[in-house]
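In our numbering, the protein residues as written are 1 to 128.
Backbone N, C-alpha and C fix where the C-beta goes; we use that ideal spot for every residue, glycine too.
Source: prediction; values computed, not measured.
What follows is a short report on a single structure.
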């Protein structure tokens, strides 16, 4: 089955986190919001607006091909960490054209998955 791009949830930046246990808090990475789609058509990477940028990320595509899944949609952020481990947006822009091996994909959510090595484990519900 060929999977389609899923419009990602966009986080809201606030001065302080809301109170209560019904919230999910995430670290803000300075990178490109992206989605990896793996299915019978291959492995593709999309921008947050649904543009196919697979050709811009050949190293990440090759790495994602190593995931043992029949199909999956993984939501996350493409970053380049600096020496301190923080995302460096200027380095990310350079790495896309010159230093692919510096790119990292930080996964936030597994939007869809079929037949994988994770199958015996119960996965949490996707965020809404």
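Same chain, Cβ closer than 8 Å to residue i, neighbours up to 5 away in sequence not counted
| i | result |
| --- | --- |
| residue 123 | Bear in mind that the predicted position of residue 123 carries a pLDDT of just 43, short of 50, making it too unreliable to give a figure here. |
Beta-carbon proximity of residue i to residue j, cut-off 9 Å
| i | j | result |
| --- | --- | --- |
| residue 45 | residue 61 | yes |
| residue 2 | residue 40 | yes |
| residue 108 | residue 63 | no |
Enclosing alpha helix (DSSP H) for residue i [first to last residue]
| i | result |
| --- | --- |
| residue 48 | No alpha helix (DSSP H) contains residue 48, which DSSP labels as neither H nor E. |
| residue 12 | Careful: residue 12 lies outside any alpha helix (DSSP H) and carries neither H nor E. |
| residue 89 | 89-98 |
Span separating the alpha-carbon of residue i from that of residue j
| i | j | result |
| --- | --- | --- |
| residue 14 | residue 6 | 25 Å |
| residue 16 | residue 54 | 36 Å |
| residue 48 | residue 82 | 23 Å |
N- and C-terminal bounds of the beta strand (DSSP E) containing residue i
| i | result |
| --- | --- |
| residue 72 | 69-79 |
| residue 24 | Unbroken run through residue 24: none, as it is neither H nor E. |
| residue 59 | Where residue 59 is concerned, there is no enclosing beta strand (DSSP E), although the alpha helix (DSSP H) it sits in stretches over 58-64. |
Beta-carbon contacts of residue i that lie in its chain and below 6 Å, excluding the five residues immediately before and after
| i | result |
| --- | --- |
| residue 120 | Low confidence applies here, because residue 120 scores a pLDDT of 41, under 50, leaving its location unreliable and the question unanswered by this model. |
| residue 102 | 80 and 95 |
| residue 56 | 96 |
| residue 89 | 30 |
heavy atom of the ligand SAM below 8 Å from residue i C-beta
| i | result |
| --- | --- |
| residue 94 | Among the components modelled here there is no ligand, and therefore nothing to report on the ligand SAM. |
Do the region 65-82 and the region 22-34 make contact, defined as three or more Cβ pairs closer than 8 Å? These segments touch.
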